[in-house]
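Just so we're aligned: 119 in this note's numbering is position 85 of the sequence shown, and the numbers increase by one with no gaps anywhere.
Note that beta-carbon positions come from the ideal geometry of N, C-alpha and C, so glycine has one too.
Keep in mind it's a predicted model, so treat the numbers as computed, not measured.
What follows is a single structure, written as structure tokens, with notes after it.
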Amino acid sequence: MENEKFQDLVLSKLEQNDKFQESVLNYLEVIASKIVKMDERMDHMEVDIKANNESQVRIENKFDTQISALFDGLNANNEKIDRVITRLDTIEEKVENHDIHIAVLNKRKRTSSK
């Protein structure tokens with residue numbers, strides 16, 4: 035009888051062990067399927083990242099060209115402003131000279147009319 039109890043106990047433990055192994059295998063299958071899904075998502079993310087990087091490079095190239103054009107325009111404007119300032123200085127000098135000549139002429143006119 036004791037042998038039968040022992041056998042029953044061993045069989046019971048083996049059944050428990052089988053159930054445990056089955057549940058572990060089921061759990062591992064779930065984990066494996068999640069890993070496969072994660073791999074797929076990572077593959078999609080890698081594609082998206084590559085596309086984003088390519089877009090970023092295109093944008094950087096476009097802005098680099100536009101910024102260069104803006105700086106060229108700024109330099110051209112600064113050169114024009116410098117030329118205008120130079121001409122303005124010349125005109126101011128001429129106006130001052132004319133003012134002096136007018137003052138001299140007015141003074142002569144006053145003295146000659148007396």
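Pairwise C-alpha distance: glutamine 100 and leucine 139:
The straight-line gap from Cα to Cα measures roughly 57 Å.
Work out the CA separation of valine 129 and alanine 110 for me, nearest whole Å.
Spanning the two alpha carbons is a distance of roughly 28 Å.
Roughly how many angstroms lie between the CA atoms of asparagine 87 and lysine 96, to the nearest whole one?
Using only the alpha carbons, I get a separation of about 14 Å.
Would you kindly work out how many angstroms separate the C-alpha atoms of asparagine 112 and leucine 122, rounded to a whole number?
Distance between the alpha carbons of asparagine 112 and leucine 122: 15 Å.
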